[in-house]
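*Asks:* Before I ask anything, here is the structure I am working with.
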Amino acid sequence: MNYLSTRDKSLNFNFRDIFLRGLAPDGGLFLPSKIRLYNKLELEKLSKLSYANLATEILFNFCSDNLSKDELQSITQDAYKNFEDKEVVTIKKVGNINLLELYHGPTLAFKDIAMQVIGNMYDQLKVAEEKPVNVVVATSGDTGSAAIAALNNRKNIKLFVLHPHNKISNVQRKIMTTIGSKNIFNIAIEGSFDDCQRIVKDLFNENDFREKINMSGVNSINWARIICQIVYYFYAYFFLGKKKISFSVPTGNFGDVYAGYVAKKMGLPIDKLIVATNENDILQRAINTGEYKPDKVKPSLSPSMDIQVSSNFERLLFYILKEDDEKVGSFMKSLKDEGFFKLNKEEIEEIKKDFKAEKISDSETLSIIKEIYDKEKFIVDPHTATAFGAINKTGNSKDIVALGTAHPYKFLETVKKATGENIDPPHQLKKFMDKDEKFDIIENNNEKIKKYILNKI
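In the numbering used here, the protein residues as written are 356 to 812.
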């Protein structure tokens, strides 16, 4: 499998290359040169597999040039052996909506599903054997803790986690900052998640610095994150009787829902992918009006989606623009120079063949959490609540799956505000709550972050 850049189709990389680099050298995002299309008979065979074995089969399509099927099998089996649910994910009925619970990993968020695999890939691909690797990641709350759980104490790997200071939940922060391992460094940036993400992208684009520190990344700009997330769309389809279904996906950076789009391109019978946003509604505006124009980040009750620059939207653009890499590059230049780009009517209609998008306010989020609790005696976190809200706004809950992205305890204050109830901490999180925290507060400045990293390596 060869990989190209969304901004230059002539570039040619293998999986190991793109896994380590994360971002293409021209600033674009990596995509495979082709995507396998499964037929009905092949889907039927996949439907009989366990989650870990299903992951092996799907991932093999994208990394067979560097990892054998046996190696992938070892990676996935080890990655998922300690998940609370033996099948990794759980599907349950909440009212008349199917909920796909993705938060049964070590940090109780959907990010664990990909990150545990990625941690094992670093070892299997031997990327840190010749030269130590320094992983730099931006987090809006859950990616950082999942990355720490996956890379904690791994040989020759150091992890630098950038989170927006005072803009994630207390529980999210404590899971990251109480680890105390010598290879983990937590940085609180005086800014928003978009600032954290911009810094990481800028560092990747500084070739000399990137090569000097042997920099790698595990944000969803890394294609490995996307392919791991494809798997649970297949699993849900098989679990629910192999009928055409839609998915409602809480998303800020467009990675999770984009994985569903790739699953559909692989032949999975998905009807619509419903993008659920909070008041940081750039995706809702882009899909419904064609204008992609970042606004100022608004703090919300669903902080992991407080994002105005949705990086993975560029991957969708590549296909919407009929794989015209020059046009993608032109759009991204317009975004950088003028602060926006605009899709035409035909391009908007092309997106709407696969996507719907709804915005859920904080007040609506609280109401949804309360309503589900009152009716079902079941508690969802605020991000999952937006998925339910988006389904309600589409006016049809039949054959739709809502993605449950995090355990509600991670957003204790919001849940209590909505329901009046305190939640007992799940056993996975108890150990983090009373430990001393360690993190460094640094201003939103590339040079100061570079200096910090160089001092730690």
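Even for Gly, the Cβ is constructed at its ideal location relative to N, Cα and C. These numbers come from a predicted model, not from an experiment.
If we count the other Cβ atoms within 10 Å of its Cβ and call it buried at 16 or more, is S360 buried or exposed?
*Replies:* Its Cβ being crowded by 16 or more others within 10 Å, S360 is buried.
*Asks:* Once the 5 residues before and after F589 are set aside, which same chain residues still bring their CB inside 7 Å of it?
*Replies:* Result list for F589: L401, L409, I413, A618, L623, in chain order.
*Asks:* What's the call for F733, buried or exposed, on a 16-neighbour Cβ count within 10 Å?
*Replies:* The residue is exposed, with fewer than 16 neighbouring Cβ atoms inside 10 Å.
*Asks:* How about V683 and L698: do their beta carbons lie closer than 8 Å?
*Replies:* Going by C-beta atoms, V683 is not nearer than 8 Å to L698.
*Asks:* Taking C-beta to C-beta, are V443 and H459 nearer than 8 Å?
*Replies:* Yes.
*Asks:* Between the alpha carbons of M570 and L378, how many angstroms are there, rounded?
*Replies:* For M570 and L378, the distance between alpha carbons rounds to 11 Å.
*Asks:* So what's K487 in DSSP terms, helix, strand or just coil?
*Replies:* Correcting the residue identity first, residue 487 is Pro in this sequence and not Lys. Residue state, collapsed to three classes: coil.
*Asks:* My output table needs one value for E701: the three-state DSSP class, helix, strand or coil.
*Replies:* In the structure shown, E701 sits in a helix (DSSP, three-state: H, G or I).
*Asks:* Which class does H459 belong to by DSSP, given the choice of helix, strand or coil?
*Replies:* Reduced to three states, the DSSP call for H459 is coil.
*Asks:* In the DSSP assignment, what residue or residues form a beta bridge with K448?
*Replies:* The partner list for K448 (beta bridge, DSSP) reads N453.
*Asks:* List the whole-angstrom C-beta distance separating N574 from V555, where the pair is believed to meet the contact cut-off of C-beta under 8 Å.
*Replies:* The Cβ separation is near 7 Å, so the contact holds.
*Asks:* Taking DSSP as the reference, what is the three-state secondary structure of P387?
*Replies:* Of the three classes helix, strand and coil, the one that applies to P387 here is strand, per DSSP.
*Asks:* Since I believe A761 is in contact with I497 (beta carbons under 8 Å), could you give me their beta-carbon distance rounded to a whole number of angstroms?
*Replies:* A small correction: the amino acid at residue 497 is Asp; Ile does not occupy that position in the sequence shown. Correct: roughly 6 Å between the Cβ atoms.
*Asks:* Taking DSSP's pairing of strands, which residues face M570 in a bridge?
*Replies:* Paired residue(s): N489.
*Asks:* Quick one, which of K447, T644, D636, L628 has its alpha-carbon nearest E731's?
*Replies:* E731 has its Cα closest to that of K447, out of K447, T644, D636, L628.
*Asks:* Measure the CB-CB distance between I675 and E713 and report whether it falls below 8 Å.
*Replies:* Going by C-beta atoms, I675 is not nearer than 8 Å to E713.
*Asks:* Check for me: the alpha helix (DSSP H) holding H782 runs from which residue to which?
*Replies:* H782 -> alpha helix (DSSP H) spans 782-788.
*Asks:* Could you give the residue range of the alpha helix (DSSP H) that holds E776?
*Replies:* Counting along the chain, E776 falls outside any alpha helix (DSSP H), and DSSP gives it neither H nor E.
*Asks:* Which residues in the same chain as A740 place their Cβ atom closer than 6 Å to its Cβ, once the five residues preceding and following it in sequence are excluded?
*Replies:* If we look at A740 and ignore the five residues flanking it on each side, its Cβ neighbours are T720, I723, I724.
*Asks:* How should M531 be labelled, buried or exposed, when 16 other C-beta atoms within 10 angstroms of its C-beta is the threshold for buried?
*Replies:* Label assigned to M531: buried.
*Asks:* My assumption, with CB atoms under 8 Å, is that A543 sits in contact with I585. Please give the rounded CB distance.
*Replies:* Not a contact, Cβ separation roughly 32 Å.
*Asks:* In this structure, how does DSSP classify V815 when only helix, strand and coil are distinguished?
*Replies:* Outside the displayed range of the chain (356 to 812) lies residue 815, so it cannot be described from this structure.
*Asks:* Quick test of the definition: if touching needs 3 or more C-beta pairs under 8 Å, does the region 454-468 touch the region 479-489?
*Replies:* Because the criterion of three Cβ pairs below 8 Å is not met, the region 454-468 and the region 479-489 do not touch.
*Asks:* How should H520 be labelled, buried or exposed, when 16 other C-beta atoms within 10 angstroms of its C-beta is the threshold for buried?
*Replies:* Classification for H520: buried.
*Asks:* Assess, as a yes-or-no matter, whether the region 429-440 is touched by the region 475-484 under the definition of 3 or more beta carbon pairs within less than 8 Å.
*Replies:* Touching, yes.
*Asks:* With a 10 Å radius around its C-beta and 16 neighbouring C-beta atoms as the bar for buried, classify I812 as buried or exposed.
*Replies:* When all chains shown are included, I812 counts as exposed.
*Asks:* List the residues that DSSP assigns as beta-bridge partners of F515.
*Replies:* Answer is V491, F540.
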